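> Protein chains in written order, with our numbering: chain A, 1 to 217; chain B, 1001 to 1217.
(1) According to DSSP, what are the bridge partners of residue 1091 of chain B?
(2) What's the C-alpha gap between residue 156 of chain A and residue 117 of chain A?
(3) In the DSSP output, which residue or residues are listed as bridge partners for residue 149 of chain A?
(4) Would residue 1129 of chain B pass as an interface residue toward chain A - the criterion being a Cβ-Cβ separation below 8 Å?
(5) Verify the CB distance criterion: does residue 177 of chain A have a CB-CB separation below 8 Å to chain B?
(6) Name the residue from B:1087, B:1056, B:1045 whose alpha carbon lies nearest to the alpha carbon of residue 1097 of chain B.
(7) If we count Cβ pairs, one from each stretch, closer than 8 Å, do we get three or more for the stretch 1188-1198 of chain B versus the stretch 1134-1146 of chain B?
(8) Could you name the residues of the same chain whose beta carbon sits closer than 6 Å to that of residue 110 of chain A, not counting the 5 residues immediately before and after it, in chain order?
(9) What would DSSP say about residue 77 of chain A, mapped onto helix, strand or coil?
(10) For residue 1141 of chain B, count neighbouring Cβ atoms within 10 angstroms of its own Cβ and tell me buried if that reaches 16, exposed if not.
(11) Pick out the complete alpha helix (DSSP H) segments inside the stretch 1123-1175 of chain B, 4 residues or longer, and give them in chain order.
(12) Rounded C-beta distance between residue 1212 of chain B and residue 1147 of chain B? I'm assuming under 8 Å.
(13) Establish whether the CB of residue 1159 of chain B and some CB of chain A are separated by less than 8 Å.
(14) Do residue 92 of chain A and residue 54 of chain A come within 8 Å of each other at the CB atom, strictly closer than that value?
(15) Find the residues of chain B that neighbour residue 173 of chain A, judging by a C-beta separation of less than 8 Å, and give them in chain order.
(16) What residues from chain B crowd round residue 144 of chain A, counting only those whose CB sits closer than 8 Å?
(17) Does any residue of chain B bring its CB to less than 8 Å from the CB of residue 180 of chain A?
(18) Per DSSP, what kind of secondary structure is residue 178 of chain A in: helix, strand or coil?
(19) Could you list which residues in chain B have their beta carbon closer than 9 Å to that of residue 164 of chain A, in chain order?
(20) Between the Cα of residue 121 of chain A and those of A:83, A:149, A:163, spot the shortest distance and give me the residue it belongs to.
(21) Could you please give me the residues that DSSP links to residue 21 of chain A through a beta bridge?
(22) For a test of the three-state rule: what should DSSP assign to residue 1044 of chain B, helix, strand or coil?
(23) Determine the direct distance from the alpha carbon of residue 1159 of chain B to that of residue 1031 of chain B, and round the result to whole angstroms.
(24) Going by DSSP, which residues form a beta bridge with residue 1206 of chain B?
(25) Between residue 1076 of chain B and the rest of its own chain, which residues show a CB-CB distance below 7 Å, the 5 nearest in sequence each way excluded?
(26) On the CB-based measure, 16 or more other CB atoms within 10 Å of its CB, does residue 1153 of chain B come out buried or exposed?
(27) Could you check how far apart the C-beta atoms of residue 1074 of chain B and residue 1108 of chain B are, in whole angstroms? I think they sit under 8 Å.
(28) Just to confirm before moving on: does the CB-CB distance between residue 56 of chain A and residue 205 of chain A stay below 8 Å?
(29) So, under 8 Å CB-CB, residue 58 of chain A and residue 85 of chain A are touching, yes? Tell me the CB distance rounded to an integer number of Å.
(30) Hey, how far is the Cα of residue 1182 of chain B from the Cα of residue 1052 of chain B?
(31) Of all the options A:104, A:60, A:39, A:61, which has the alpha carbon lying nearest to the alpha carbon of residue 21 of chain A?
(32) In terms of residues, what are the limits of the alpha helix (DSSP H) holding residue 11 of chain A?
(33) Grouping DSSP H, G and I as helix and E and B as strand, with all else coil, what is residue 1119 of chain B?
(34) With DSSP collapsed to three states, give me the class of residue 35 of chain A.
Here it is in structure tokens:
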């Protein structure tokens, strides 16, 4: 996702340390303390402008949400959104690269991983950067409990085709697949900015839920 | 697939024993003799009116094709088509139920299984009749060689979603997936009657190639 450079983003983020957690590594294994309860923790990797994660936090007060976005000029919009929503107590944002997931979360500390409209990285030589590449699946597996799930949606056909093949090759089980999410109109679906834009053009939104297998890895 | 009752179908089929093999069980393990060569044998389960299998036979003379269709009033059109195509030497048709596959083919005798626009059987209580149900996957596995492949295409979203989940649950590997086959315009694609009709309406055609795993089953 591209965003115009926002010179004020850094100071805005620094002024909201209760929303954007600084040095999140210090909370590894202690996120329940940060939230002040033992509710499940669901994370979104590549949270963008935060519409999904904020909407989820508002819709599901008994789940704690953490949105992770590496681009400061993008996450700043998510911070503004969280601010406008009155800083939901069950929402935090992290301005870090997803390669650091295992430094931030202990094994089994995360209950679910969401990926929404991730960068497709269409060139084969960039496949390693796709958030459904083995390298990332391995990271998710090591912070999720056995049989933990990844929920992924996208409008990008090539990325979705790749992801179907790759998550199953990795050994994950497809728990659910929809090749036209909006035709199914699930009530629980919280749309991202991107999703609303694309689905209004009649483009199908693809979605999968995949679970790691409990094979004692 | 529904067809008008054709009272002349039985006699027409009986007059073409070189195209529609009678009592195919007698050729189990001896299909190479029937074709007079050792070329690979690819079968289509639910061959309908035969456009795909006849087109494949004409396009690939070094592969032997067998189209299987249980409905007499439908396969008769495939027989007419094969007749008009000059009875390709590498094409045979069988008017049998796919539940009999193992009575007709020896283990490893079939090189590939094609499924095209199979009946979706949308009701859950009819799931066992879907050609990508475990019961049928087991039959294919037992007549294919290790790592043998099933190639499946359909316009039916529900059936394709089910099939993606079920073939991978069964333990098959997704070798290829396309969620809009005609957008990819592969030169090798031979369209069925049904496919041409639906794709001309702009409806996506879904396709997968899945391979059994060689795990000494």
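In this text, a Cβ means the ideal position worked out from N, Cα and C, and glycines have one as well.
Remember, predicted model here, so these are calculated numbers, not experimental data.
Per the coordinate set shown:
(1) Locating residue 1091 of chain B in the second chain gives position 91, where the first residue counts as 1. Looking at the DSSP assignment, residue 1091 of chain B forms a beta bridge with B:1065.
(2) By one-based count along the first chain, residue 156 of chain A stands at place 156. By one-based count along the first chain, residue 117 of chain A stands at place 117. C-alpha separation (whole angstroms): 8 Å.
(3) By one-based count along the first chain, residue 149 of chain A stands at place 149. The partner list for residue 149 of chain A (beta bridge, DSSP) reads A:112, A:211.
(4) Locating residue 1129 of chain B in the second chain gives position 129, counting from the first residue. So, not an interface residue.
(5) Reading the first chain from its first residue, position 177 is the one you call residue 177 of chain A. Yes, because at least one Cβ of chain B sits closer than 8 Å to the Cβ of residue 177 of chain A.
(6) Sequence index remark: in the second chain, residue 1097 of chain B carries index 97 (1-based). It is B:1045 whose Cα lies nearest to the Cα of residue 1097 of chain B.
(7) no
(8) As a first step, residue 110 of chain A must be located in the first chain, where it is residue number 110. So the qualifying residues of the chain are 41, 43, 143, 144.
(9) In the first chain, the residue the question calls residue 77 of chain A occupies position 77. In the structure shown, residue 77 of chain A sits in a helix (DSSP, three-state: H, G or I).
(10) In the second chain, residue 1141 of chain B corresponds to position 141, counting from 1. Label assigned to residue 1141 of chain B: buried.
(11) 1134-1143, 1157-1170
(12) For the purposes of this step, residue 1212 of chain B is taken as residue 212 along the second chain, with counting starting at 1. For the purposes of this step, residue 1147 of chain B is taken as residue 147 along the second chain, with counting starting at 1. Rounded, the Cβ-Cβ distance is 6 Å, consistent with contact.
(13) Here residue 1159 of chain B corresponds to residue number 159 of the second chain, with the count starting at 1. No, its Cβ sits nowhere closer than 8 Å to a Cβ of chain A.
(14) Translated into positions along the first chain, residue 54 of chain A becomes position 54. Translated into positions along the first chain, residue 92 of chain A becomes position 92. Not closer than 8 Å, so no.
(15) What you label residue 173 of chain A is simply residue 173 of the first chain in a count that begins at 1. Chain B residues near residue 173 of chain A: 1168, 1169.
(16) In the first chain, counting from the first residue as 1, residue 144 of chain A sits at position 144. Neighbours of residue 144 of chain A on chain B: none; closest Cβ ~19 Å, over 8 Å.
(17) Translated into the one-based positions of the first chain, residue 180 of chain A becomes position 180. It does; some Cβ of chain B falls within 8 Å.
(18) One-based indexing of the first chain puts residue 178 of chain A at position 178. Note: residue 178 of chain A maps to strand in three-state DSSP.
(19) For the purposes of this step, residue 164 of chain A is identified with residue 164 of the first chain, where counting begins at 1. Correct list: 1164, 1168, 1174, 1177, 1179, 1208.
(20) Residue 121 of chain A sits at position 121 when you count from the first residue of the first chain. Of the candidates A:83, A:149, A:163, the one whose C-alpha sits nearest the C-alpha of residue 121 of chain A is A:163.
(21) Against the first chain, residue 21 of chain A aligns to sequence position 21. For residue 21 of chain A, which the question treats as bridged, DSSP gives no partner whatsoever.
(22) Your numbering for residue 1044 of chain B matches position 44 in the second chain. Of the three classes helix, strand and coil, the one that applies to residue 1044 of chain B here is strand, per DSSP.
(23) Locating residue 1031 of chain B in the second chain gives position 31, where the first residue counts as 1. Locating residue 1159 of chain B in the second chain gives position 159, where the first residue counts as 1. Rounded to the nearest angstrom, the two C-alpha atoms are 32 Å apart.
(24) Within the second chain, residue 1206 of chain B is the residue found at index 206, counting from 1. Residue 1206 of chain B pairs with B:1154.
(25) Your numbering for residue 1076 of chain B matches position 76 in the second chain. 1006, 1009, 1012, 1013.
(26) In the second chain, the residue the question calls residue 1153 of chain B occupies position 153. Buried, since its Cβ has 16 or more Cβ neighbours within 10 Å.
(27) Position 74 of the second chain holds residue 1074 of chain B. Position 108 of the second chain holds residue 1108 of chain B. Not quite, the Cβ-Cβ distance comes to about 29 Å (not below 8 Å), so this is no contact.
(28) Residue 56 of chain A sits at position 56 when you count from the first residue of the first chain. Residue 205 of chain A sits at position 205 when you count from the first residue of the first chain. No, the pair does not count as a contact, with Cβ atoms beyond the cut-off.
(29) As a first step, residue 58 of chain A must be located in the first chain, where it is residue number 58. As a first step, residue 85 of chain A must be located in the first chain, where it is residue number 85. At roughly 6 Å, the Cβ-Cβ gap stays under 8 Å, so residue 58 of chain A and residue 85 of chain A are in contact.
(30) Locating residue 1182 of chain B in the second chain gives position 182, where the first residue counts as 1. Locating residue 1052 of chain B in the second chain gives position 52, where the first residue counts as 1. Near 16 Å, if we compare the C-alpha coordinates of residue 1052 of chain B and residue 1182 of chain B.
(31) As a working mapping, residue 21 of chain A is identified with position 21 in the first chain. Ranking the options by Cα distance to residue 21 of chain A, first place goes to A:104.
(32) Indexing the first chain from 1 puts residue 11 of chain A at position 11. 9-14 is the extent of the alpha helix (DSSP H) around residue 11 of chain A.
(33) Along the second chain, one-based indexing puts residue 1119 of chain B at 119. Three-state DSSP puts residue 1119 of chain B in coil, outside helix and strand.
(34) Here residue 35 of chain A is taken as the residue at index 35 of the first chain, counted from 1. Three-state result, residue 35 of chain A: helix.
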